[in-house]
Each structure stands twice: as C-alpha cells, then as structure tokens.
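If you read the sequences in order, they're chains R, S and G.
Position one of the first sequence corresponds to residue 255 (this note's numbering), numbered consecutively onward.
Position one of the second sequence corresponds to residue 255 (this note's numbering), numbered consecutively onward.
Position one of the third sequence corresponds to residue 255 (this note's numbering), numbered consecutively onward.
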Amino acid sequence: MKLRDLAERLGCRLEGGGDVEIVRVAGIEHAQPGDLTFLANPRYESVLAATRASAVLLRDDAPAAPCAMLRTPDPYLAFARAVGLFAPDWRPAPGVHPMAAVAADARIGRNVSIGAFVSVGEGAAIGDNTVVFPNVTIGPGVRIGDDCVIHSNVALRERVTIGSRVILQNGVVVGGDGYGFVRRGDGTHEKIPQIASVVIEDDVELGANTTVDRPAVGETRIRSGTKIDNLVQIGHGVSVGRNVLMAAQVGIAGSTAVDDDVIFGGQVGVGGHLTIGRGSVAVGQSGVTNSLTPGAMVAGYPAIDSREWRKASVIFGRLPELKRRIEALEGQVAALTERLRARGEPSE
Amino acid sequence: MKLRDLAERLGCRLEGGGDVEIVRVAGIEHAQPGDLTFLANPRYESVLAATRASAVLLRDDAPAAPCAMLRTPDPYLAFARAVGLFAPDWRPAPGVHPMAAVAADARIGRNVSIGAFVSVGEGAAIGDNTVVFPNVTIGPGVRIGDDCVIHSNVALRERVTIGSRVILQNGVVVGGDGYGFVRRGDGTHEKIPQIASVVIEDDVELGANTTVDRPAVGETRIRSGTKIDNLVQIGHGVSVGRNVLMAAQVGIAGSTAVDDDVIFGGQVGVGGHLTIGRGSVAVGQSGVTNSLTPGAMVAGYPAIDSREWRKASVIFGRLPELKRRIEALEGQVAALTERLRARGEPSE
Amino acid sequence: MKLRDLAERLGCRLEGGGDVEIVRVAGIEHAQPGDLTFLANPRYESVLAATRASAVLLRDDAPAAPCAMLRTPDPYLAFARAVGLFAPDWRPAPGVHPMAAVAADARIGRNVSIGAFVSVGEGAAIGDNTVVFPNVTIGPGVRIGDDCVIHSNVALRERVTIGSRVILQNGVVVGGDGYGFVRRGDGTHEKIPQIASVVIEDDVELGANTTVDRPAVGETRIRSGTKIDNLVQIGHGVSVGRNVLMAAQVGIAGSTAVDDDVIFGGQVGVGGHLTIGRGSVAVGQSGVTNSLTPGAMVAGYPAIDSREWRKASVIFGRLPELKRRIEALEGQVAALTERLRARGEPSE
C-alpha cells in the first residue's frame, strides 16, 4: 500500500515519501525497509534515529525521523489501525460445515460461519456475521449476538447469553458450574445446583482458557467493553463493570462486584462478596481482601495503598539490618542504664 | 409449586402462606414476589425485613420475616435443595450421537448419553446413567463409573479411572503427562515417560480447565467427596484425601500428600513432596513450603501460622514508621551517650 | 524382561540376579517383588535397606542393597529410560480418521495419525510420524514438524509453527490473540489486531491448558528444549530461550525476553518488557518486576536476591516482637533522658 493512501485511511498528516510502498507494520527495533513503525513512548526517540523503517507514525511534537512520517495525535491508536489494514484475510466462508451438529430448532443468522465439529444445542440462537471455529460446543438455549468470533474449542454452557462483537479466545468456558457446596453434618459437601445464567455483554473479549462460572441464583455478568486476558477465573455471581481490564491469571471469588474502569494486573486475587470501586487498580499478584474505594490503587497481600506498600517493600529486604540495629540499641541502652546506676543514681 | 408442597419436600416447618405459588429461588437482595429466599447469615436480618420474596427459609430461632416462612435447622442446606427442585431439565436423551466415535470394544452402560464429536477409545468403559457432553475425548482403557457428568471439551487420557457420581466441568484434563525430566550432562532435559495412572474417586467434582497429571510410577489419586474449583493444577503423584476443598487456581506440586478435610483458598501454591495434615487450612494466595500438621491454619509466603501472619502483616505497612522510630532512637541514644561522656564519665 | 537384558539396554553394570524377571518400574517406597526401583537421593538409603523391589538402580559408590543391583553413574536418568522400556504401546495406528476434517490442500507426512474430530485448515502441513489425537483444531497455514505428539483438545491457531519432537499436552492453546488494546478518548479500548505468529522450536513440551499468545507484530518464540508445565501463560511477543524450565501456573507478561537455562518455580509472575538473564532462577510465587542478571536467584514480591529474601522472611513473622522491642526502647530512652534532666543536666 502506498504511504499516501495509508495516511489517508489512518487520518494522519503525511510528511514526505507519499509514494513509498508499505508492506508490513513492525516494532521500532525490528522494522525493515518497507515497514511502517510507530513512536508512542518518548523513551524510544533514540532508537528512532537508527530505524530502518520506511515510515513512522509519530506525534505532531515529536522530533523529525530519518524516514517518511505520518503525524497523528495518537500514534499508538493509529498503529493499532494500521495493523488491521495489513491483517491477512482470516474469515472462513459463511455456511455450516457438513460435520457440524446443529439442532433443528437452532436459529442461525445471515452470513454465519460454523466450523467442523461444532455442536449447537436445541433452541440456541446465533446472530448475523458471527464466526464459530471448529470444536466449539454451544449448549441448548445459548444466545450469541452479531459479529462475534468464537475461537476453536470454546465451551458455552446451557442458556448463557453472549452479546454482539464479543471475541472468545480458544478454550474459554462460559457457564461452568460455580463452586457452591453446603457442608453436611458428616463432613461431606452437598452441591448447590448452579442453574442461573451468565451474561457477557457487547464488545467483551475473553482470553484463552479463561473460565466464567454460573451461579445458583441471580447471574454472573460481564459488562460491555471489558477485556480479560488468558487463564482468568471469574467466580459465580460476580459482576464486572464496563471497560474493565484484567491481565492473565487473575481470579475473582464469588459474588464480588467490580465497577467500571477497574484494572487488575496479572495473577491478582480478589476475595468474595467485595465491592471494587470504579477506576481502582490492583498491581500484579496483589491479594485484595477488602473492598476498594473508587480510584484506589493497591498492592501486596493483604493489598494496601500501593505507595505505602512500595515504601514498606523497600524496607522489607532490610529487616535483618533493622533487627541488628534494634539489638545494638538494646545493648547501648542497657549500658547507659548500668552507667547511671553505677554512679549512685537514686532508685526510682 | 405451592409453598406447602415445597415445605414438605424440603422437610421444613411452614409458618403461613401454604397456598403461595413459588416459581423461583433467589438471593435475599434480589428476590421478587414468587421467589423463595433464605437467611443463613444473621448479618442479613436487616435486609430480610425489606425483602420482596414470597417466602424465606430461616432458622427456628430467627426473628419473624414479613413473608411466609419455612423453618429449618440448616437454611443453607435447604436452599441448596430448593434450587435443585427448580432446576430446568438438563439431561440429554440417552443414546450415542451418530457423530460420536465409539470404539467397537468400548463398554457403554445403560441409559448413557454420549454427545456429538465424543471420541471413546478402545477398551474404555462407561457406567450406567453417565452423561458425556460434546467434544469430550475419552482415551483407550479409561473407566468411568455410574451417574457421572462429563461436560463438553473434557480430555480423559489413556487408562485413567473415574469413580461414580463424579462431575467434570468443561475443559478438565485428567491424566496429562506429569512434569518429569532428568537433566542431561549437556543441559538438555530427558523426558521421564509418565505412564502410571490417575484415579478420581466417587463424588469428586473438578472445575473448568482444571488439570490433574499422571506420574511415571505409582499413581495420582483424588479421594471421594473432594471438590476442586477451576484452573487448579494437581501435580503428578499427588494424593488428595476425602472431602478436601480447593478454590480456584490452586497449584499442588508433585508427590505431595493432602489429607482429608483440608481447605485451600484461591491461588494457594503447595510445594512438592510435602504432607498436608488433616483438616489444615491455607488462606488464599499462601505459599506452603513445608509440611503442615493436622489442623494447622496458615497464611503468607512462606506460609506461617495465620494469626502470626495477620499480626505481622498489619505491621508490614508500618515498616517506614518503625524505621524512623529506630533512627530517632539511635539519635537519642547517641545524644545520651555523649552527655554522659561530656560530664566526666569515667571511661570503661 | 530379564534383569540381565535390562542392564544391557540401560548400559548399567549388573551385580547379582541376572535371571530375575522384571515386570515394572516403581518408586522405592512402593516397590514390590518383580519391580525395578532406583536410589538417586542418599536420603533414601535407609529406605532401600527395607525395599521389597527385585532390583535397584544405584550409583557405583552407593552401599550394597538387599536385592539385585544395576550400577550406573546417573541412576535417575537410567530410571527415566527404564520407565520408557515398560511403557505400554500408546501410539494409534497411522492414518486419518474418517471423522476428521482435513483441508484438501493440507500436506500430511508419512506415518501420521490423525484422530477423530480433528480439523486441519487450508495450507497446513504436518510432518512424518506426528500423532494428532482427537478433537484437536489445527488452523490454516499451521506448520508442524516430525515426530510430534499433539494431545486431544489442543488448539493451534492460524499460521503458528511447531518444530519437531514437540509434545503438546491436552488443551494447549498456541497462537491465541495477545492482550493488546489501545485506550480511546472515551475510556473504551480498541483492539490491536494480533496478526503476527508464534514459533515453538524443536523438543519443546507444553503442559495441559497452557496458553501461548501471538503478538500484533514481531513474533512469540519458545526455543528448543524448553519444558513448560500446565496452566502457564506466555504473553505476546515473549521470547523464551533454550532448555528453560517453567513449573505450573507461571505467567510471563508481553515482550519479555527469557534467556537460556532459566528456571521458574510454580506460580511465578514476570512483568512485561523485561530481560531475564541466562540461568537465573525465580523461586515459586515470586513476582519479578525488574530484569534479572545472568545467574540471579530471586524470591519474593517484588523479587529480590533469594538469600536476602529468606533472611528477611524469617524476621517478617517476628515483626510484632520487633515492634514491642522498639516500644520498650522508646520507654527506656525516655526514662534515661528524664533521669539525666532531673539530675541537673544543663539544657542544650
């Protein structure tokens, strides 16, 4: 694609080299001639000077580069869109594969693609333009919206609801039974049937092998625009707000409510029955044991204010030294006390 | 269902409203007219006063509710059973789907349901009334008992044994190769073939995408009544006792023996070759690096007694303050020492 | 198998009992007559004295055992190979199952076995002697080398490359979309298309339900000989070196480079854009937030030198005591100061 055309499609201002042919998008350190790259982080300005890329996306106020430039207020966003322009065609042809098993009463929208070995249960409904890759199991009564991508080996259990433009990476499980048991008098546990449902709203993405459980009563819900990484556990009855970000291997215990715009780093654990306030952030590996106020930023286990935690963490490694200093003080104070006593100090 | 009939089926004592029609079970905060709810935790007594539910399960000694009441010594257990009474019919019709691949010599019990795209290997045996959902892979020589539910996309490897009334949530893997390698002189690693087996006893439940590995020799065993949540890792050669509870994302390293009635919170990690005593508890995110005595309750990493850990954790956040106090003491002690010296203190 | 023949095949020196018939390999504590066991760790010498095994693999310098002996410089390696000699025949017959869906233009090598409900996309290529178990999804353009084992329910996304002698345990996902989004002005997130690829080199093993993400640009690569356990997350653009070991539930955030011979214990988390030096080790549950120098050994969160961390951890549990000692010192110092003041100390 000519750089001039690319500039137009990305809404960028072109500086030089409109006839350059761009064949790929690449990171700034690996870019080659023919590549478009981007500068979003000023730390990479020095790298840019030596880039071999043919063109670069960069801010209006960034210094000039040694190649053609596409000026834009948000180079990272323009980069994201440029990648999409070079994406290979991935969409399978519409139609139901002859080796799929689709229930007679399932409703399949227009332009839907259903791959081999996909099972679609009774009463399920799949919206227009949705793609279902091979080996996906869609339970009875499941509802899937328009323009979704359901990657291979996903399992959608009975009666779960998936919105539109939802992307489910491979191996996702939505609607597995929540972990709900009652202890009997003899120490065994009785299963509480988990029969309520799960709702995944529009524009949500769930990462590979992530699991979202269904509850006994009420619902589990992930609101629109939320993006969840791989191997995450969403417990039964959890409510996740809009535009939430959760990195890989996060776990949220049952009945917790996570408000909009929250960010969880990787491997964060969140206890059950908590309220996580809007826009709060938990640093990777934090263990959140109490509810968080809106805008809170926490770290550690139990999670505390992240600045307090950082200061304390620095001192943690110096605990042996602090202990020695306490011991030294004890020795000095004992010696001082003895000196005063030896000099005829009247007893108290 | 009439409340009177519900009371009888749940073995509860009815107070008022026997003719009320109950259509659903719901949590106390979301219950609507037509719903049965429950009060198990006294903290919710105030909520109960405002409930819109038509009836409530509650203890004999709980204060009266503004709706019909079902009195019972264990409202949570009665709730669990009530949910079951309202569960939609989920059981697929018995029979083998025409698009399943069942080995000619596999033995399939009575009233078994095998879904589409299920592969059953040579010599496998499936007991009566067991349901196998679509896209499950059952390896050669696998034995599954009666009344099991194997949800979609489960993988059961060659020769593993599954008891009766076992529930495997979607994406479970039983019998994957344990992580066993021997370092060669050149720094590469030789695989130790993992050819021994895994036994999952009766009444066990494994959560979605949980993995249970097979060892090279001996066996991996999960004893009856144990309930394991999603995304849990059970290493090769691990032995898990009866009625154990493990929350999501727990990991148990190889050859560890977990005794009966143990409880692990979410994301707990347990080292290899340890013995975890009966009834011990590890709080969420603990890292258990040593064996635990029966009844131990631990937290932190490395895990220590949970009360000690809690006390220490409170002080952790105050480490910067403690450090300042040590510095102040050092200044004061130096000043005192100097004063004594200045006043003609004889040298020691 | 006669012990004499076993000695020859394992390259061990036989001491006594060449005619003994060996039927199984077993751990030293569970071995029965007919079993071959091994002694690699001197701690088990006392157990050996009471073994019921018919023969034991042990070092040249180990004390004599009460049964036949196979002397070898590396008993654990010989044990690994002995297990292989007794492994049941597991290999399915070559051929493509009639209920597989293989694209017309896919290239399938000689002696390949493709199980039921395996989908092989357009342009995919599978090398000689590779076994693909049921319910595996192989996307278009995927390349798989020779002598691989792809266990059931694995998902290989479009265009990923798998080397030779690679073993993928059940439920592995290679090439799922990396977690890459750009925040828009309105707080929603735009997906960066993840269209670059993943390369898994020769002799790699990935554990059950492990996920390896693809990036937007560049590649994700796992180099030869690396062994990764279950439920591990490898972020997009990560580079993992040769002969690396990662225990279960490790998570590596995007764009991090892990050099050769690194070892990560279970549940370790590693931040993004870091460099992990050759041969470094992170103890289980560590949170690695900074790059590691070659040979570093770290623990804790944030991860620090593991010896420093161990010393500090011991003191952590004594924080309440240290706090009391500080308080006592403060009392004593105040009293000393008061005594000096009371004795006519001139004011400063």
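All C-beta atoms in this analysis are idealised placements derived from N, C-alpha and C, irrespective of residue type, glycine included.
Taking a beta-carbon distance threshold of 9 Å, Val587(S) counts as an interface residue toward chain G.
Residue-level contact check: His443(G) does not touch chain S, since none of the beta carbons of chain S fall below 9 Å from its beta carbon.
In the three-state DSSP reduction, Glu455(S) falls in the coil class, being neither helix nor strand.
Bounds of the beta strand (DSSP E) holding Glu444(S) are His443 to Lys445. The DSSP-derived three-state label of Asp343(G) is coil. Taken atom to atom, the span from the alpha-carbon of Met500(S) to that of Val522(S) is near 9 Å. Per DSSP, the continuous alpha helix (DSSP H) segment holding Glu575(G) begins and ends at Leu573 to Ala596. Its chain contains Leu264, Gly265, Cys266, Phe292, Leu311, Leu324 and Thr326 as the residues whose beta carbon lies nearer than 8 Å to that of Ala332(R), once the 5 sequence neighbours on both sides are disregarded; these appear in chain order. If you ignore the 5 residues before and after Asp400(S), its C-beta comes within less than 8 Å of the C-beta of Gly363, Gly381, Asp382, Asn383, Thr384, Ser418 and Arg419, all in its own chain and listed in chain order. Beta-bridge partners assigned by DSSP to Ile569(R): none are found. Each residue's CA atom was taken as its position, placing Pro352(S) and Ala357(R) some 13 Å apart.
Spatial neighbours of Pro346(R) in its own chain (CB-CB distance under 7 Å, excluding positions within 5 residues in sequence) are listed in chain order as Ser367, Gly369 and Val385.
If you draw a straight line from the Cα of Ile488(G) to the Cα of Ala507(G), it comes to about 7 Å. For the segment 346 to 373 of chain G, the residues whose beta carbon sits under 9 Å from a beta carbon of chain S are, in order, Pro346, His351, Pro352, Met353, Gly369, Ala370 and Phe371. Those residues of the segment 561 to 575 of chain R placed with their C-beta closer than 9 Å to a C-beta in chain S are Glu562, Trp563, Lys565, Ala566, Ser567, Val568, Ile569, Phe570, Arg572 and Leu573, ordered along the chain.
The C-beta distance from Thr591(G) to Leu590(S) rounds to 6 Å, short enough to meet the 8 Å contact threshold. Here Val277(S) is not near Leu257(S), since their CB atoms are 9 Å or more apart.
DSSP places Ser373(G) within a strand segment (E or B) once states are collapsed to three. Of all residues in the segment 384 to 403 of chain S, only Phe387, Pro388 and Asn389 come within less than 8 Å of chain R when Cβ atoms are compared, listed by chain position.
Below the 7 Å Cβ cutoff, chain R contributes Ala462, Asn463, Asn484 and Leu485 as neighbours of Thr465(G), in chain order. With three or more CB-CB distances shorter than 8 Å, the segment 476 to 496 of chain G counts as touching the segment 433 to 448 of chain S. Distance from Gly441(G) to Asn497(R) at the Cβ level is roughly 5 Å; contact confirmed, criterion being Cβ atoms closer than 8 Å. Residues of the segment 415 to 437 of chain S with a C-beta atom less than 7 Å from some C-beta of chain G are Gly425, Val427, Gly430, Asp431, Tyr433, Phe435 and Val436, listed in chain order. Around the C-beta of Gly461(R), 16 or more other C-beta atoms lie within 10 Å, and the residue is accordingly described as buried. Taking CB atoms only, Arg411(S) has no neighbour in chain R less than 9 Å away. One thing to note: Val350(G) has its Cβ no nearer than 9 Å to the Cβ of Val279(G). Three or more Cβ pairs closer than 8 Å define a contact, and the segment 448 to 458 of chain R falls short of that threshold against the segment 503 to 518 of chain S. Looking at the DSSP output, Glu473(G) bridges to Ser451(G). Annotation for Val310(S): the continuous beta strand (DSSP E) segment containing it runs Ala309 to Leu312. For Leu268(R), the uninterrupted beta strand (DSSP E) segment begins and ends at Arg267 to Glu269. Look at Val452(S): its C-beta is not under 9 Å from any C-beta on chain G.
If you compare the alpha carbons of Gly533(R), Leu528(R), Pro447(R) and His527(R) with that of Asp515(R), the shortest gap goes to Gly533(R).
In the DSSP assignment, Ser493(G) forms a beta bridge with Arg475(G) and Ala511(G).
When Cβ-Cβ separations below 9 Å define contact, Val337(R) makes contact with chain G. In the three-state scheme derived from DSSP, where H, G and I count as helix and E and B as strand, Ala294(R) is classed as coil. Between Gly393(R) and the set Val374(R), Leu528(R) and His405(R), the nearest pair of CA atoms involves Val374(R).
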